[in-house]
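**Student:**
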Amino acid sequence: MSALQDELAAAEYNASAGGGAVEVTVNGSHEIKAIKIKPEVIDPEEPEMLEDLLMASLNEAMRKADETAEREMNKLTGGLNIPGMGGMF
434 MSALQDELAA AEYNASAGGG AVEVTVNGSH EIKAIKIKPE VIDPEEPEML EDLLMASLNE
494 AMRKADETAE REMNKLTGGL NIPGMGGMF
């Protein structure tokens with residue numbers, strides 16, 4: 434199980450928002466590994482738009498990481514709810 438945890442933590446997940454205007458990469462530990470922002474979405478008059486795009490893409494990437502961890506753990510445990518395992522991923 435430790436090997437699976439290490440593998441899931443190291444895996445990277447990508448997501449984008451605004452038609453690719455903002456792209457992010459996070460790992461399975463929810464660490465941000467990369468953020469790419471197209472210059473045309475940087476508007477000093479409207480920072481909220483960029484903030485919203487960043488939040489949307491980061492949340493999506495972390496959701497992907499969580500879904501993958503849950504799916505892989507279910508494969509390993511056969512879907513059993515093992516006490517003490519909740520919240521590990």
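Quick note: the sequence shown uses this note's numbering, first residue 434, plus one each step. In this text, a Cβ means the ideal position worked out from N, Cα and C, and glycines have one as well. Predicted model, so just to flag it, every value in this text is computed and none were measured.
So, is M506 buried or exposed, given that buried needs 16 or more other C-beta atoms within 10 angstroms?
**Tutor:** Its Cβ being crowded by 16 or more others within 10 Å, M506 is buried.
**Student:** How big is the Cα-Cα spacing for P472 and G461?
**Tutor:** For P472 and G461, the distance between alpha carbons rounds to 28 angstroms.
**Student:** Measuring only the C-alpha atoms, how far is G453 from I465?
**Tutor:** In a straight line, the C-alpha of G453 is about 17 angstroms away from that of I465.
**Student:** Distance check for V474 and D499, CA to CA, integer angstroms please.
**Tutor:** If you take the alpha carbons of D499 and V474, they lie about 28 angstroms apart.
**Student:** Using the C-alpha atoms, what's the distance from S435 back to T458?
**Tutor:** Whole-angstrom Cα-Cα distance: 23 angstroms.
**Student:** Please work out which residues of its chain come closer than 6 angstroms, Cβ to Cβ, to I468, disregarding the five sequence neighbours upstream and downstream, and give them in chain order.
**Tutor:** Cβ neighbours of I468 beyond the five flanking positions: V457.
**Student:** Using the C-alpha atoms, what's the distance from N492 back to H463?
**Tutor:** Roughly 10 angstroms separates the two Cα atoms.
**Student:** Is it true that the CB of A448 sits closer than 8 angstroms to the CB of K497?
**Tutor:** Their beta carbons are under 8 angstroms apart, which means K497 touches A448 by this criterion.
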